[in-house]
Amino acid sequence: MPRTPTCVLGDTSPARAEDGHAVDRFVEIGSFTKVLTGTALMRMAAAGLLDVDDPVERRLPAAAGTGITLRHLAEHTSGLPRLPPGTGGRDPYAAFDADALRRLLGRLDGVVVRPPGQQEEYSNLGYAVLGAALVAASGAAYEELLAEHVLRPLDVHEVSVRPEADRRLLAPGLLGRDRRPWTMDGAILPAGGLWATPRAVADLLVRLVIERRLGDPAPSWQRAGALHWHNGATRHASVFAGAMADGRWVVVHRLGGRSDGTDRMGVDLLRGDGSPAS
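Quick look at the structure:
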């Protein structure tokens, strides 16, 4: 059986890292990135840099008349599909760069699968568009606006678009070689391209959801009863982060294995005595 490096942090016991994982190395966090993008949206709105109900075309050269707002994008009710058209292959987002997104914006009215506001449909494409809107409104690169509006106010620093190679931790492959990560530093970055240390993910979870240092949790968090949670998965990494209203919390990150196994592990740890997580 191939090993699955695993890191677990929570409120009840010291952090533990097994099979070569580490709390202080940068790992892919996939769609947990959306938590930070959504938080940046709310912080920028509070600072008067934009309005959450701005139509997309107010911030980007998008086709007019779609009715899509920044709030729709953050809440996954934009009507946009899960993935950008043409994504696929071994490195699915490699070709989805700024030019590809710009071309897509011009025909956004033809990409939507339903009118906005009608139904929730999880959309990586929607968060790529949202991130581009935040960049346009701030005049700063995504990583810079994230640091200004989210990371520095939270005193969290171990989050990066391109961490140094000697600080990265990748899934083990054949003959001890590291598995190659997806290319996610292009237009898809605000939807799932960040790296962070597991302890930074834990700090973000606690400071955003339990301590609420930046106000109410952003609409990017998933909710199930008393549970605020978000997960993330790339080809070879997955994370689950969840916090209960009573202060219980857990972060699980794994390198390899199935992402649904990471989710199950996180939920089981939150249940503790076997009671429902919600």
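Heads up: the sequence shown begins at -12 in the numbering used here, then just goes up one per residue. Every residue gets a Cβ at the ideal spot worked out from N, C-alpha and C, and that includes glycine.
Check	Outcome
Give me the Cα-Cα distance between P204 and R45, rounded to the nearest whole angstrom.	25 Å
Can you tell me which residues form a DSSP beta bridge with L36?	The partner list for L36 (beta bridge, DSSP) is empty, contrary to what the question assumes.
Please report how far the alpha carbon of W236 lies from the alpha carbon of V137, in whole angstroms.	20 Å
Candidates F227, L181, W169: which alpha carbon is nearest G76's?	W169
Using 8 Å as the threshold, is the C-beta distance between A232 and A213 below it?	yes
What is the rounded straight-line gap between the Cα of L(-4) and the Cα of D255?	13 Å
Of the residues A134, G97, P71, which one's Cα is nearest the Cα of A115?	P71
Based on Cα-Cα distance, which residue from Q105, L67, A178 lies nearest to A27?	A178
Are G180 and D190 close, meaning C-beta to C-beta below 8 Å?	no
Put L201 into one of helix, strand or coil per three-state DSSP.	coil
Between the Cα of H63 and the Cα atoms of E198, W208, R167, A4, which residue gives the shortest distance?	W208
Quick check on DSSP: helix, strand or coil for V196?	helix
Which value, in whole angstroms, describes the spacing of the CA atoms of R12 and R154?	5 Å
Let me check understanding here. Comparing Cα to Cα, which of L201, R241, G259, A224 lies closest to A34?	L201
For the alpha helix (DSSP H) that V122 lies in, which residues bound it at each end?	111 to 125
Measuring only the C-alpha atoms, how far is L162 from A4?	22 Å
Taking W216 as the reference, give the member of A224, L95, H223, I197 with the closest Cα.	I197
In angstroms, rounded to a whole number, what distance separates the CA positions of R(-10) and A230?	28 Å
DSSP beta-bridge partners for S225?	A220, R241
Roughly how many whole angstroms lie between the Cα atoms of V226 and V188?	9 Å
Taking L60 as the reference, which of V43, P48, T74, A51 has the closest Cα?	V43
Looking at M252 and V267, is the spacing between their C-beta atoms short of 8 Å?	A question about residue 267 goes unanswered here, because the residues of the chain that appear run from -12 up to 265.
Please state whether DSSP places L60 in a helix, a strand or coil.	helix
Whole angstroms are fine: how far does the CA of R245 sit from the CA of G38?	Rather than Gly, the amino acid found at residue 38 in this sequence is Asp. So the two alpha carbons sit approximately 38 Å from each other.
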